Amino acid sequence: MTTERVEEKVRETLNAVALDRVRAPANLVEQVVRRRSRRRFSQAAGAAVAVAAISVGAVFGFGGGGTGHDRPVRPAASPATPPEGWEPWQSSSPGASERGCLVDGSALYCSGSEYDAAKIEANTGKRLWTVKVNREGDGIDHPFAVRDGVVYAYRNHTAENAPDGDYAGGTDLMAVDADTGDVLWKVEMPQDDRTAQAAMLIDGAVLANTPSVRTMSALDPLTGKEKWRHTWDKGTVCQRAVLSGVPYLACLPDVEKPDATEVLRLDPATGSATKIATLPGGQQLMGTTGDRMVLVAAQGESEGGKDLRLTTVSGAGERVSRPYRAVGAPATSEVIGDRLISVSWQGKASAYSLTTGKTLWTRPVGVELPSQETMPRLPSPMVSAGQGVVYFLSPTGDLSGLDLRTGEQVWRDHVDLGKERLPFGGSPQLLLYEDALVVRNGSTIVSLLPRVGG
Amino acid sequence: MEASSHDEFREFVAMRSTALLRLAVLLTGGDRHAAEDLLQIALMKAYGRWARIEQHEAYVRQVMYRQQVNRWRLRRHRAETTVPVLPESESGTDAGADSELRIALWAALGRLSKRQRAVVVLRYFEDLPEAEVAALLACPVGTVRSTAHRSLAKLRALVPELGPEGPSERVQPLSYTPKEVQR
Numbered sequence: 001m002t003t004e005r006v007e008e009k010v011r012e013t014l015n016a017v018a019l020d021r022v023r024a025p026a027n028l029v030e031q032v033v034r035r036r037s038r039r040r041f042s043q044a045a046g047a048a049v050a051v052a053a054i055s056v057g058a059v060f061g062f063g064g065g066g067t068g069h070d071r072p073v074r075p076a077a078s079p080a081t082p083p084e085g086w087e088p089w090q091s092s093s094p095g096a097s098e099r100g101c102l103v104d105g106s107a108l109y110c111s112g113s114e115y116d117a118a119k120i121e122a123n124t125g126k127r128l129w130t131v132k133v134n135r136e137g138d139g140i141d142h143p144f145a146v147r148d149g150v151v152y153a154y155r156n157h158t159a160e161n162a163p164d165g166d167y168a169g170g171t172d173l174m175a176v177d178a179d180t181g182d183v184l185w186k187v188e189m190p191q192d193d194r195t196a197q198a199a200m201l202i203d204g205a206v207l208a209n210t211p212s213v214r215t216m217s218a219l220d221p222l223t224g225k226e227k228w229r230h231t232w233d234k235g236t237v238c239q240r241a242v243l244s245g246v247p248y249l250a251c252l253p254d255v256e257k258p259d260a261t262e263v264l265r266l267d268p269a270t271g272s273a274t275k276i277a278t279l280p281g282g283q284q285l286m287g288t289t290g291d292r293m294v295l296v297a298a299q300g301e302s303e304g305g306k307d308l309r310l311t312t313v314s315g316a317g318e319r320v321s322r323p324y325r326a327v328g329a330p331a332t333s334e335v336i337g338d339r340l341i342s343v344s345w346q347g348k349a350s351a352y353s354l355t356t357g358k359t360l361w362t363r364p365v366g367v368e369l370p371s372q373e374t375m376p377r378l379p380s381p382m383v384s385a386g387q388g389v390v391y392f393l394s395p396t397g398d399l400s401g402l403d404l405r406t407g408e409q410v411w412r413d414h415v416d417l418g419k420e421r422l423p424f425g426g427s428p429q430l431l432l433y434e435d436a437l438v439v440r441n442g443s444t445i446v447s448l449l450p451r452v453g454g
Numbered sequence: 001m002e003a004s005s006h007d008e009f010r011e012f013v014a015m016r017s018t019a020l021l022r023l024a025v026l027l028t029g030g031d032r033h034a035a036e037d038l039l040q041i042a043l044m045k046a047y048g049r050w051a052r053i054e055q056h057e058a059y060v061r062q063v064m065y066r067q068q069v070n071r072w073r074l075r076r077h078r079a080e081t082t083v084p085v086l087p088e089s090e091s092g093t094d095a096g097a098d099s100e101l102r103i104a105l106w107a108a109l110g111r112l113s114k115r116q117r118a119v120v121v122l123r124y125f126e127d128l129p130e131a132e133v134a135a136l137l138a139c140p141v142g143t144v145r146s147t148a149h150r151s152l153a154k155l156r157a158l159v160p161e162l163g164p165e166g167p168s169e170r171v172q173p174l175s176y177t178p179k180e181v182q183r
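Line order of the protein sequences matches chains X and E. The numbering of the first sequence is the working numbering, which starts it at 1 and goes up by one. The numbering of the second sequence is the working numbering, which starts it at 1 and goes up by one.
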């Protein structure tokens, strides 16, 4: 048969496929919206997990591998102490904070619709400097780290239209002088991934997912120049974590049912890889806690169900694996020290000990949760290590503080979040500046001191 | 997303999602679950920048093509793999061997790689010239040409009824009679 004839047969076949029976589901929009929110939420939650673990891991850590007993967090929730020079404040920063904020030192570093980075004084809410967006600013990305006077954030790679007339700006990782707001360097990323997996700080470098999607490169923090790179095989996906400045990869084949997940340690100075553990099945990295990674996998045949297995892996490859069953339909979860704090859509908060594999408490979260259909993403809870309190924020502005040890509600309040519409996938954000809370909804930011136990 | 854009997105999905899903079915070789997954991914990406996209359908289609070619996902969402949709038997003259050939050919299309199937769908279902296919997939025209060639060769190998590439093909036989000769 000639090529033309074969082409014709292919054409006939494609056009003869019984496509009349193919109909899009009626609720496709809802499916898309929910799925997009879930994805963005889980990605954003990953960032929060890592940040939380860094800030409180030393306080609520594993205690040298676990003794089989839960270490009491504190005798009871303690009064909040206002940061030095801080007064309650509320500010509106249109264009500066809609995408989200990070607290570091006595400043908020935010991103918004008009500025890819903005520094805001945490004591007063005063804006200090801004970095204008490259054509536009959307999404829920914001500065993800500050170290040695350098802020790391993302911006669009280009302001130009694509040849077809559409705009797809691409993404640059950029470093900004924390004192002046000057952009020090930028590096193009291979995809529009601005999650916690895209770039992270390691000892002496910024580890970034560039120049290809299968490569992590260590960039000089002051110049952005590549120091080393690690590339994995095609058909493999690698999740990334950092323990005490050392990068790790949890790699698995990109197939429906992976047989195993390999955990590799990369030398932060040279990038040389060492396999430290092989875990069964497809493991999903949840975050880090102290000196351990936390991974989760479906248990048995319950894929998609609630029966899970949590595994912690130390930097030396030591692992502890425990069964875990989610309480209700999970709306958010955070690894905070030894605890996995989860909130269900049914309004229950629970604390699970990674050390003992036991659920320590399940309590009403203390704020009214929205319907999953209307607000598929919840603000991440925050833990005050000094107070021993885990704080929750509802999208309507209700605040609740639960004793981290018992789950008992020790504080509640409400802040007016205004009626600002958030960008898609966005939700209000709860942050901690020492013992003070910072609540952000779009461009409105409120800072208050929770009166706990005093 | 602004409320007006959300409404516009909803209207677009209501109007075009079935047609787009049908294209996705072809791109995925008839795997309905994978097709819905592909369409959802494309719509998710479009949703995020809806107000800034000038040609919504072209954008969604392009994302589907590229996604299918460069799929990189951490987690699979497919619960099961469906049997590819078979070509309908047409009544009349095509009901016999021709229909059997189409069934075999459709099954073979399902065994092409994602890149090969995307090129085949773009070339022979969308009827796009090689240059447009290359632009959509962000690859050189030569890659499209060689991929299409290899795809047809694989189809020949999978469907013996198509027969081997005849020697006459290498000299590009005329498939019509030039008017000059007719005169």
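We put the CB at the ideal spot given by N, CA and C, even for glycine. Quick caveat, the model's predicted, so the values are computed rather than measured.
Near X:Asp403, which residues of its chain fall below 6 angstroms by C-beta distance, leaving aside the five closest residues on each side in sequence? Here residue 403 of chain X refers to the residue found at position 403 when the first sequence is read from its first residue. Within the same chain, X:Asp403 has close Cβ partners Ala77 and Val410.
Own chain residues within Cβ distance below 7 angstroms of X:Gly347, not counting five before or after: Along the first sequence, one-based indexing puts residue 347 of chain X at 347. Answer for X:Gly347: Pro364, Val365 and Leu369, listed in chain order.
Element boundaries [beta strand (DSSP E), containing X:Gln239]: Taking the first sequence and counting its residues from 1, the one referred to as residue 239 of chain X is at position 239. Start and end: Thr236 to Leu243.
With burial defined as no fewer than 16 other Cβ atoms inside 10 Å of the residue's Cβ, what is the status of X:Pro257: buried or exposed? Counting from one through the first sequence, the residue named residue 257 of chain X turns up at place 257. Looking at the sequence provided, one finds Lys at residue 257 of chain X rather than Pro. By the 10 Å Cβ count, X:Lys257 comes out exposed.
Are the region 225-236 of chain X and the region 167-183 of chain X touching, with three or more C-beta to C-beta distances below 8 angstroms? no
Under 8 angstroms Cβ-Cβ, which residues of chain X neighbour E:Phe25? Looking up residue 25 of chain E in the second sequence gives position 25. It is Val, not Phe, that sits at residue 25 of chain E in the sequence shown. Residues of chain X passing the Cβ test: Val17, Leu19 and Val22.
Please look up how many angstroms separate the CB atoms of X:Val103 and X:Leu431, rounded, as I've assumed it's under 8 angstroms. By one-based count along the first sequence, residue 103 of chain X stands at place 103. By one-based count along the first sequence, residue 431 of chain X stands at place 431. Correct: roughly 5 angstroms between the Cβ atoms.
Distance between E:Gln55 and E:Ser17 (C-alpha atoms, nearest Å): Here residue 17 of chain E corresponds to residue number 17 of the second sequence, with the count starting at 1. Here residue 55 of chain E corresponds to residue number 55 of the second sequence, with the count starting at 1. Straight-line Cα distance between these residues: approximately 15 angstroms.
Could you give the distance in angstroms between the alpha-carbon of X:Pro94 and the alpha-carbon of X:Val133? Translated into positions along the first sequence, residue 94 of chain X becomes position 94. Translated into positions along the first sequence, residue 133 of chain X becomes position 133. Cα to Cα, the separation comes out at about 13 angstroms.
On the CB-based measure, 16 or more other CB atoms within 10 Å of its CB, does E:Arg162 come out buried or exposed? For this step, residue 162 of chain E is matched to residue 162 along the second sequence. In the sequence on display, residue 162 of chain E carries Leu and not Arg. It is buried - the Cβ of E:Leu162 has at least 16 other Cβ atoms within 10 Å.
Does X:Asn15 pass the burial test, meaning 16 or more other C-beta atoms within 10 Å, or should it be called exposed? The sequence position of residue 15 of chain X within the first sequence is 15, counting from 1. X:Asn15 should be labelled exposed.
How many Å lie between X:Ala159 and X:Gly282 at the Cα? Within the first sequence, numbered from 1, the residue matching residue 159 of chain X stands at position 159. Within the first sequence, numbered from 1, the residue matching residue 282 of chain X stands at position 282. Computed Cα separation, rounded: 39 angstroms.
Can you find a CB in chain E that lies within less than 8 angstroms of the CB of X:Lys419? In the first sequence, the residue the question calls residue 419 of chain X occupies position 419. Not one chain E Cβ lies under 8 angstroms of X:Lys419.
Taking the straight line between their C-alpha atoms, what separation do you get for X:Gln387 and E:His33? The count along the first sequence starts at 1 and reaches residue 387 of chain X at position 387. The count along the second sequence starts at 1 and reaches residue 33 of chain E at position 33. If you take the alpha carbons of X:Gln387 and E:His33, they lie about 48 angstroms apart.
Can you list, in chain order, the residues of its chain whose CB lies under 6 angstroms from that of X:Asn161, leaving out five sequence neighbours each side? As a position in the first sequence, residue 161 of chain X is number 161, starting the count at 1. Only Tyr167 meet the Cβ criterion.
Within the same chain, show all residues whose beta-carbon is closer than 6 angstroms to that of X:Leu509, passing over the 5 residues directly before and after it, in chain order. Lying outside 1 to 454, the shown extent of chain X, residue 509 of chain X is not represented and no answer is given.
Could you work out which residue in X:Trp345, X:Arg214, X:Ala385 and X:Thr3 is closest to X:Ile336 when comparing CA atoms only? Position 336 of the first sequence, counted from the start, is the residue given in the question as residue 336 of chain X. When only C-alpha atoms are compared, the closest one is X:Ala385.
Start and end residues, alpha helix (DSSP H) containing E:Asp127: Counting from one through the second sequence, the residue named residue 127 of chain E turns up at place 127. Element bounds for E:Asp127: n/a, residue is neither H nor E.
Selection from E:Ala107, E:Ile41, E:Gly142 and E:Pro164 that minimises the alpha carbon distance to E:Leu26: Within the second sequence, residue 26 of chain E is the residue found at index 26, counting from 1. Nearest option by C-alpha distance: E:Ala107.
Mind pulling the chain X residues with CB within less than 8 angstroms of E:Arg52? For the purposes of this step, residue 52 of chain E is taken as residue 52 along the second sequence, with counting starting at 1. Residues of chain X passing the Cβ test: Glu136, Asp166 and Tyr167.
Cutting at 6 angstroms between CB atoms, please list the residues of its own chain near X:Arg74, excluding the five before and the five after it. Numbered from 1 along the first sequence, position 74 holds the residue referred to as residue 74 of chain X. Legend: pLDDT at X:Arg74 = 39, less than 50; position of this residue unreliable, value from coordinates given subsequently. Contacts found: Gly388.
Kindly list, in the order they appear in chain E, the residues whose Cβ is closer than 9 angstroms to that of X:Val452. Taking the first residue of the first sequence as 1, we reach residue 452 of chain X at position 452. Within chain E, no residue comes near X:Val452; the closest Cβ sits about 37 angstroms away, beyond 9 angstroms.
In chain E, what lies closer than 8 angstroms to X:Met200 by C-beta? Your numbering for residue 200 of chain X matches position 200 in the first sequence. Residues of chain E passing the Cβ test: none, with the nearest at roughly 17 angstroms.
For X:Trp86, which three-state DSSP category applies? Locating residue 86 of chain X in the first sequence gives position 86, where the first residue counts as 1. Coil at X:Trp86, not helix or strand.
Presumed contact (8 angstroms Cβ cut-off) between E:Arg66 and E:Leu137, rounded CB distance: Here residue 66 of chain E refers to the residue found at position 66 when the second sequence is read from its first residue. Here residue 137 of chain E refers to the residue found at position 137 when the second sequence is read from its first residue. Yes, they are in contact, since the Cβ atoms of E:Arg66 and E:Leu137 sit about 6 angstroms apart, within 8 angstroms.
Taking C-beta to C-beta, are X:Lys186 and X:Gly137 nearer than 8 angstroms? Indexing the first sequence from 1 puts residue 186 of chain X at position 186. Indexing the first sequence from 1 puts residue 137 of chain X at position 137. No; because the gap between Cβ atoms is not below 8 angstroms, this pair is not in contact.
Mind checking if X:Glu7 is an interface residue toward chain E, Cβ cutoff 8 angstroms exclusive? Locating residue 7 of chain X in the first sequence gives position 7, where the first residue counts as 1. Output row for X:Glu7: interface = yes.
At a Cβ threshold of 8 angstroms, is E:Arg22 touching chain X? The count along the second sequence starts at 1 and reaches residue 22 of chain E at position 22. Yes, its Cβ sits closer than 8 angstroms to a Cβ of chain X.
Spatial neighbours of X:Asp179 within its chain, please: CB distance less than 8 angstroms, with the 5 preceding and 5 following residues excluded, ordered by chain position. Residue mapping note: residue 179 of chain X aligns to position 179 of the first sequence, counting from 1. So the qualifying residues of the chain are Gly149.
Could you tell me whether the Cβ of E:Ser17 comes closer than 8 angstroms to any Cβ of chain X? For this step, residue 17 of chain E is matched to residue 17 along the second sequence. At least one chain X Cβ lies under 8 angstroms of E:Ser17.
Using only alpha-carbon positions, find the residue among X:Ala241, X:Val33 and X:Ser91 that is nearest to X:Ile445. Residue numbering aside, residue 445 of chain X sits at position 445 when the first sequence is read from its first letter. Taking only the C-alpha atoms, the option nearest X:Ile445 is X:Ser91.
Using C-beta distances below 8 angstroms, list every residue in its chain close to E:Gly29, excluding the 5 sequence neighbours before and after it, in chain order. Here residue 29 of chain E refers to the residue found at position 29 when the second sequence is read from its first residue. Excluding sequence neighbours, E:Gly29 sits near Pro84, Leu109, Gly110, Arg111, Leu112 and Arg117.
Is the beta carbon of X:Gly112 sitting closer than 8 angstroms to the one on X:Ala118? The residue you call residue 112 of chain X lines up with position 112 of the first sequence. The residue you call residue 118 of chain X lines up with position 118 of the first sequence. Yes.
Cβ shell of E:Leu105 (< 7 angstroms), same chain only, five flanking positions each side left out: As a position in the second sequence, residue 105 of chain E is number 105, starting the count at 1. Taken in chain order, the residues that qualify are Leu155 and Val159.
Through-space distance from X:Met1 to X:Glu8, alpha-carbon basis: On the first sequence, residue 8 of chain X is found 8 positions in, with the first residue counted as 1. On the first sequence, residue 1 of chain X is found 1 positions in, with the first residue counted as 1. About 11 angstroms.
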